[in-house]
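See structure below.
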Amino acid sequence: MSACLSGIRCGYDGTANGEYPAALKLLEYDTVKIFNFCPEEFSFGSPREMCDIYGGTGFDVLDGRARVLTESGVDWTEGMLRASEKMLEIARREKIELALMMDISAACGSQVIYDGNRFAENKVYRAGAGVCAAQLLRNGFNVISQRDYASLEILYNKLDPAHVIDETKTDHHETDWYRSYFG
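So the sequence shown is numbered by the working numbering: it starts at 9 and just counts up by one.
Quick look at the structure:
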């Protein structure tokens with residue numbers, strides 16, 4: 009689980025990046041073993057500059073076709089690659105079944121990332137995974153985001169059959185915003 013989703017203050021600004029009740033609910037199940045990891049804190053500490061992917065997605069970074077740069081232009085690609093390897097090492101060692109990750113992050117985004125500088129006047133989003141999510145996906149691990157509410161509902165029903173699935177919930181890629189933005 010992206011550590012910030014558990015309330016750990018590891019965000020770029022030293023916060024936990026807000027609260028996501030649907031993700032926090034996972035912490036209530038004593039049958040679930042949670043492994044918190046913040047790839048960006050692992051490589052760059054906290055607080056730190058914000059970083060984004062330039063020239064592609066996390067898969068492109070893994071393949072050497074895109075870079076991870078901070079808002080001031082410092083190249084953090086190598087540090088992000090080290091963090092993705094560490095996350096993969098943990099996932100393999102602990103035999104994780106699912107990674108719940110913070111979407112839109114250059115590290116943890118599972119469906120949406122920024123296309124370059126998120127602080128640009130006309131920021132642009134890109135469909136795709138961040139570097140660490142891409143590393144997990146490439147190696148066969150299941151990854152969802154904190155905004156995949158329908159998937160989380162199914163997960164909570166599997167963990168507790170008394171949990172009634174809210175059929176009105178949608179996953180991030182099914183939202184009106186996602187469909188209108190990405191077509």
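Each residue gets a CB set at the ideal place from its N, CA and C atoms; glycine is no exception.
For Q143, which residues from the same chain have a beta carbon less than 8 Å from its beta carbon, with the 5 sequence-adjacent residues on both sides left out? G66, L70, S92, E93, M95 and L96
Should R187 go down as buried or exposed, given a rule of 16 or more other Cβ atoms within 10 Å for buried? Exposed, since its Cβ has fewer than 16 Cβ neighbours within 10 Å.
Helix, strand or coil for C12? Go by DSSP, reduced to three states. helix
DSSP three-state label for T39, please. coil
When you compare each of T23, Y157, L34 and S10 to L167 by their alpha carbons, which one comes out closest? L34
Cβ of Y28 within 9 Å of Cβ of E48? no
Below 8 Å on the Cβ atoms is my contact criterion, and I expect A158 with L108 to pass it. Report the Cβ-Cβ distance as a whole number of Å. Not a contact, Cβ separation roughly 14 Å.
CB-CB length for N130 against D60, believed under 8 Å: Going by Cβ atoms, the distance from N130 to D60 rounds to 14 Å, so no, they are not a contact pair.
Tell me the residue span of the beta strand (DSSP E) that contains R56. In the DSSP assignment, R56 falls outside any beta strand (DSSP E), carrying neither H nor E.
What number of angstroms, rounded off, separates the C-alpha of V40 from the C-alpha of E105? Their backbone Cα atoms lie some 10 Å apart in a straight line.
L32: first and last residue of the uninterrupted alpha helix (DSSP H) it sits in: If you look at L32, you'll find it in the alpha helix (DSSP H) that goes P29 to L32.
Report the partner residues of V151 according to the DSSP bridge assignment. Looking at the DSSP assignment, V151 forms a beta bridge with A107.
Cut-off 6 Å between Cβ atoms - residues of its own chain near Y37, not counting five sequence neighbours on either side: L167
Should Q5 and H171 be called a contact, given that it needs their Cβ atoms to be closer than 9 Å? Residue 5 lies beyond the stretch modelled for the chain, which goes from 9 to 191, so this question has no answer here.
Other residues of its chain near S14: CB distance less than 7 Å, five sequence neighbours each side excluded: L35, I42 and N44
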